[in-house]
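A.B. asks:
Residue numbers (our numbering): 4 to 182.
1. Alpha carbon to alpha carbon, how far is residue 178 from residue 50?
2. Exposed or buried, what is residue 136 when buried is set at 16 or more other beta-carbons lying within 10 Å of its beta-carbon?
3. Quick one: give me the first and last residue of the beta strand (DSSP E) that residue 174 is part of.
4. Report buried or exposed for residue 102, applying the criterion of at least 16 other Cβ atoms within 10 angstroms of its Cβ.
5. Please confirm if the segment 84-93 is in contact with the segment 146-163, defined as three or more CB-CB distances below 8 Å between the two stretches.
6. What does the Cβ neighbour count give for residue 141, buried or exposed, with the cut at 16 atoms within 10 Å?
7. Taking the runs of the beta strand (DSSP E) that are 3 residues or longer, which of them lie wholly in the segment 97-137?
8. Grab me the residues of residue 31's own chain with a C-beta within less than 6 Å of its C-beta, minus the 5 sequence neighbours each way, in chain order.
9. DSSP three-state label for residue 21, please.
10. By Cβ distance, which residues of its chain are closer than 7 Å to residue 145, with the 5 residues on each side in sequence left out?
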């Protein structure tokens with residue numbers, strides 16, 4: 004699952020990696036990004052990707068979305084310019100019957116909200132997580148929540164754990180394997 008797919012860099016990478024035996028679900032709420040995402044998928048001939056026009060968070064329904072001058076940095080906000088569909092990861096996974104083995108979360112400040120709406124997924128499916136956090140407070144909240152679900156976390160890209168904002172997380176029962 005690619006949460007916060009933007010224009011599809013990780014979606015395309017994942018689509019190539021899983022090949023014909025896997026499937027990628029790319030979640031993106033921003034209309035401009037959705038156009039590029041779909042175009043990039045088509046240009047790369049990927050038939051194993053499904054785009055879902057929604058933001059993942061801790062509640063199903065609709066929320067306002069605040070655009071940013073950079074299309075990669077918008078976020079859910081009560082003062083947003085446009086209304087977008089929202090869904091919890093638990094709702095999506097258990098309603099669709101999909102058992103995710105890897106989830107990339109890069110949602111510009113809604114990381115903790117995403118994880119709150121994914122408690123059952125984390126407990127039952129124990130997917131590998133690629134998590135980008137966007138503040139020190141969110142990093143702490145997110146790491147505490149996933150640790151409570153039995154995950155071990157490794158820092159990506161820096162040896163300074165206090166300054167890190169990207170992480171790989173594996174459930175203790177799965178940590179013997181690769182990501």
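Even for Gly, the Cβ is constructed at its ideal location relative to N, Cα and C.
C.D. replies: With the structure as the only source:
1. Taking the first residue of the chain shown as position 1, residue 178 is located at position 175. Taking the first residue of the chain shown as position 1, residue 50 is located at position 47. Confidence in residue 178 is poor, its pLDDT being 49 and thus under 50, which makes the residue's placement unreliable; the coordinate value appears in the next sentence. Roughly 30 Å between the two C-alpha positions.
2. As a position in the chain shown, residue 136 is number 133, starting the count at 1. With 16 or more Cβ atoms within 10 Å of its Cβ, residue 136 is classed as buried.
3. Working through the chain shown from its first residue, we reach residue 174 at position 171. Its beta strand (DSSP E) spans residues 169-174.
4. To locate residue 102, count along the chain shown from 1; it is residue 99. That one is exposed.
5. no
6. Locating residue 141 in the chain shown gives position 138, counting from the first residue. The residue in question, residue 141, is buried, as its Cβ has 16 or more Cβ neighbours within 10 Å.
7. 105-108 and 131-135
8. The count along the chain shown starts at 1 and reaches residue 31 at position 28. Closer than 6 Å at Cβ, skipping near neighbours: 8, 37 and 40.
9. Mapped onto the chain shown, residue 21 falls at position 18. Helix, per DSSP.
10. Here residue 145 refers to the residue found at position 142 when the chain shown is read from its first residue. Answer for residue 145: 114, 115, 118, 134 and 136, listed in chain order.
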